Amino acid sequence: MNNKNYSFVFLLSFLTLPIFHSTSCTLECGGIQIPFPFGIEPGCYLDEWYQIECQRKADNEKDFPFLVKMKMEVVNITLLAAGYYSPEFSSVRVRNPITSPRSCWLQHQGIADKCRTRNGGMRVDLHYKQQCTDHPFFQQSWMLSPSLRFHHRDQLLPNHLAYQLGNYVPFCNITREEDSRICNGNGCCQAKAPGDAQQMIGVTITNSDNGNLTTEGDCKVAFLTDEVYTLSNETTPEKLFSKGYATVTLGWFIRTSNASFLPSLGCENREEFDAKDFDMRKAKCTCDNHTVSGISYGSCACSPGCLGNPYSVGDCKEINMCLVDPCGNLKICKHTSAGRDCVNLHIPEILTGLGAGLFVLILVFGSLWLRKFRRRRRISKRKRNFFKRNGGLLLQQQLNTTQGNVEKTKIFTSKELEKATDNFNVDRIVGQGGQGTVYKGMLVDGRSVAVKKSNVVDEDKLQEFINEVIILSQINHRHVVKLLGCCLETEVPVLVYEFITNGNLFQHLHEEFDDYAVLWGVRMRIAVDIAGAFAYLHTAACSPIYHRDIKSTNILLDEKYRAKVSDFGTSRSVTIDHTHWTTVISGTVGYVDPEYYGSSHFTEKSDVYSFGVVLAELITGEKPVITLLNTQEITGLADYFRLAMKENRLFDIIDARIRNNCKLEQVIAVANLAMRCLKKAGKNRPDMREVSTELERICSSPEEFQVQIQIDGEDKFKLFRGDSCSSTVTARTK
574 MNNKNYSFVF LLSFLTLPIF HSTSCTLECG GIQIPFPFGI EPGCYLDEWY
624 QIECQRKADN EKDFPFLVKM KMEVVNITLL AAGYYSPEFS SVRVRNPITS
674 PRSCWLQHQG IADKCRTRNG GMRVDLHYKQ QCTDHPFFQQ SWMLSPSLRF
724 HHRDQLLPNH LAYQLGNYVP FCNITREEDS RICNGNGCCQ AKAPGDAQQM
774 IGVTITNSDN GNLTTEGDCK VAFLTDEVYT LSNETTPEKL FSKGYATVTL
824 GWFIRTSNAS FLPSLGCENR EEFDAKDFDM RKAKCTCDNH TVSGISYGSC
874 ACSPGCLGNP YSVGDCKEIN MCLVDPCGNL KICKHTSAGR DCVNLHIPEI
924 LTGLGAGLFV LILVFGSLWL RKFRRRRRIS KRKRNFFKRN GGLLLQQQLN
974 TTQGNVEKTK IFTSKELEKA TDNFNVDRIV GQGGQGTVYK GMLVDGRSVA
1024 VKKSNVVDED KLQEFINEVI ILSQINHRHV VKLLGCCLET EVPVLVYEFI
1074 TNGNLFQHLH EEFDDYAVLW GVRMRIAVDI AGAFAYLHTA ACSPIYHRDI
1124 KSTNILLDEK YRAKVSDFGT SRSVTIDHTH WTTVISGTVG YVDPEYYGSS
1174 HFTEKSDVYS FGVVLAELIT GEKPVITLLN TQEITGLADY FRLAMKENRL
1224 FDIIDARIRN NCKLEQVIAV ANLAMRCLKK AGKNRPDMRE VSTELERICS
1274 SPEEFQVQIQ IDGEDKFKLF RGDSCSSTVT ARTK
């Protein structure tokens, strides 16, 4: 079923004073918009002719709007379109009853049809809608008329039958061959309502008087509609009658007998508005007058370029009509004061514009690509220069010629390390000092690494640096942090080590990191591990390696509290400890050999002296530089320790955390060894092999002592005989 815009004009009165509807009014019913002047609540409609009730036929059905005064169900309400395009009226679509003689009603009720049809024919009349005589419906000559349709099945009707519509008589020829596509007179008769039937909306079917009842009649229906039907089983008279209604579109105006109508809405007379130039048009809505049967009526619409309800004061708003109603293909929509203007596209000009735009895009993106390419070349060249300056070519040559574990050493690219450290993110920093910054990173193979980025580089010693990298890469000792590789593409070389997870000895001793490393047995185990590592570096390696910066911060602990030496053989610049004392030679204040300090000649005995300071730290728990409580004098731990030993006050300076659970004979033995390491003359000090051997002997002493250990997650006491240092225990304090 298709719809056509057939319309009636619904003529209603307009009050002399404007009515401003409340913003709290209900604006829809059952999904149908209810614009002013129509409304539901009191004060929301113009007058009784515009009153809407929101009704429901059954609990399980949807609400529908009902025009109270007209007693009609509303299907849709539309306002006059902006720009007053045809048709020039607002409309309301309603459901109008389908009319039939009593025969259809009886059949619908299941009663046998006793109605008879006269030979003379039937008369179909339009009449006034009840209660609408004061404000009737009107049909204007410039409107399309609705159709009057008459459906029947009586094949015994005479050929001259005429269905009369008032004084207008449409002829319907039932002798035509039946066509299921159209209403051509056979089974269905259709005629347009005449132009002078402006006030008619009801339909009546009556028998004519010039014949006798000779034949039983069949069901017949007549109705006004704006719909187009095709003949089918769904359009039989019985089916149509059971449906009960047909839709009709009624035009509606507002009566404007009072001169205050236009000023009250703030709209402008349409004829005056049209006569002005576009730039002189100020009103956002316009109204014009119509005369029907001698009565004046008004019709309003938003001005071109505006959208809203002209009957609601100030509701017409300026909009971009190109967004609401765009032009078709190959047209350009231009927003104007009149609404919009569609301009035809000129293909040659378009192609020229596209070509120019494409050229500009190519120029822009080409410039960006060239700039990026040149920047990459500069970065690549800079990396190559750094690689050469930092001895990369020499290192590659050494890696290609040296046998052994050196093949495992890798030369990382700067891109690899940037990815591993998240572009050297500050959140990845795990250590920082005078020599540089250490970042925790993760390689693509999932290994955690420590990436040491130096602050400065001594270009005169790059050759020595490369040689040391080669040597260090060959070290394979379980208590020495493994050097995995380096990166030479940066301004200063970057070293990559295996990552040790449990911090350094300084943190565990002096920052109360936890209680695991404070027991004497754990401290002895650390001393033995480190002494063995330094003995290996000094004598067992392919060529002697001197650490030059032995201190507790360079002794790392793994998750089992086994010690590993780090930062050996490469430290050259001054390191700042927590005391902030510095020297001009390599080393850290408190650990530097005084003989080396005086002669600037570093020997293996210089490492022995620094290790003696670490032993003093393990015994006393003091930092390498301390402040004396009685005099507030700042002194080195080595001098403080030597003085206490000479005065036989060792027990007074033992770390209080181990004083009550250590074996005093072992502490005395280690203290005596530390005194030998701290002798001022290097020739009087033992070498690291002797130190390592002595510590192993102390640990293997047959003396018995008790240590609290953790076995299978539980704290237990165990009696150790000669294996207090060699056992791999994790200890807790009582």
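Using the working numbering, the first residue of the sequence shown is number 574, and each one after it goes up by one.
Glycine included, every Cβ here is placed at the ideal spot set by N, Cα and C.
Here the structure is a predicted model, which means the values were calculated and not measured.
- The Cβ-Cβ distance between K1253 and P1197 does not fall below 8 Å.
- The bridge partners DSSP lists for A874 are T859.
- When DSSP states are grouped into helix, strand and coil, K812 belongs to the helix group.
- In the DSSP assignment, T798 falls within the beta strand (DSSP E) that extends over 794 to 798.
- Residue pairing by DSSP places K1025 opposite V1011, L1068 in a beta bridge.
- The count of Cβ pairs closer than 8 Å, one atom from the stretch 1178 to 1191 and one from the stretch 1240 to 1257, reaches three, so the stretches are in contact.
- Nearest Cα to K1025 within the set G1004, E621, I650: G1004.
- Pairing I605 with V647 gives a Cβ-Cβ distance under 8 Å.
- V1264: member of the alpha helix (DSSP H) spanning 1261 to 1272, first to last residue.
- A distance below 6 Å between beta-carbons, with the five flanking residues on each side excluded, links C900 to the following residues of its chain, in chain order: C906, C915.
- Scanning its chain for C-beta atoms nearer than 8 Å, with the 5 sequence neighbours on each side dropped, one finds around R1262 the residues A1108, H1111, T1112, in chain order.
- The shortest C-alpha to C-alpha distance from I1199 to any of K988, I1207, I1192 is the one to I1207.
- DSSP places V1138 inside the beta strand (DSSP E), whose first and last residues are 1136 to 1138.
- Across the structure, L823 and G930 are spaced so that their CA atoms are roughly 53 Å apart.
- The shortest CA-to-CA distance from S1125 to any of F1079, K1256, R950 is the one to F1079.
- Put simply, the backbone Cα of L1246 is about 14 Å away from that of G1255.
- Rounded to the nearest whole angstrom, the CA to CA distance from R668 to G887 is 32 Å.
- Residue pairing by DSSP places Q624 opposite G612 in a beta bridge.
- In the three-state DSSP reduction, D914 falls in the strand class (E or B).
- The C-beta distance from K904 to C879 rounds to 22 Å, too long to fall under 8 Å, and the pair is not in contact.
- In summary, Y1070 is buried, with 16 or more beta-carbon neighbours lying within 10 Å of its beta-carbon over all protein chains present.
- In this structure, T859 and A874 form a Cβ contact; the two beta carbons are roughly 6 Å apart against a cut-off of 8 Å.
- Sequence-distant Cβ neighbours of E1132 in its own chain, meaning closer than 6 Å and more than five residues away, are T1074, N1075.
- Inter-segment contact for the stretch 940 to 952 and the stretch 1011 to 1019 is absent: fewer than three beta-carbon pairs are separated by less than 8 Å.
- Measuring C-alpha to C-alpha distances from C1059 to each of A631, F960, D861 identifies F960 as the nearest.
- Under DSSP, the beta-bridge partners assigned to S869 are T864.
- With fewer than 16 other beta carbons inside 10 angstroms of its own, D632 counts as exposed.
- Cα atoms of E1190 and L966: separation of roughly 43 Å, rounded to the nearest angstrom.
- Around the CB of K954, fewer than 16 other CB atoms lie within 10 Å, so the residue is classed as exposed.
- Here S1265 has A1104, G1105, A1108 as same chain residues with Cβ atoms under 7 Å from its own Cβ, once five neighbours each way along the sequence are excluded.
- For S987, the closest alpha carbon among the candidates I650, L1068, T651, G926 is that of L1068.
- Taking the CA atoms as reference points, I625 sits about 20 Å from S872.
- Residue state for P670 is assigned as strand, using DSSP reduced to three classes.
- According to the DSSP secondary-structure assignment, L1056 is paired through a beta bridge with Y1070.
- For E989, the closest alpha carbon among the candidates R1020, S597, I1002 is that of R1020.
- Per DSSP, C906 lies in no alpha helix (DSSP H); the unbroken beta strand (DSSP E) holding it starts and ends at 904 to 909.
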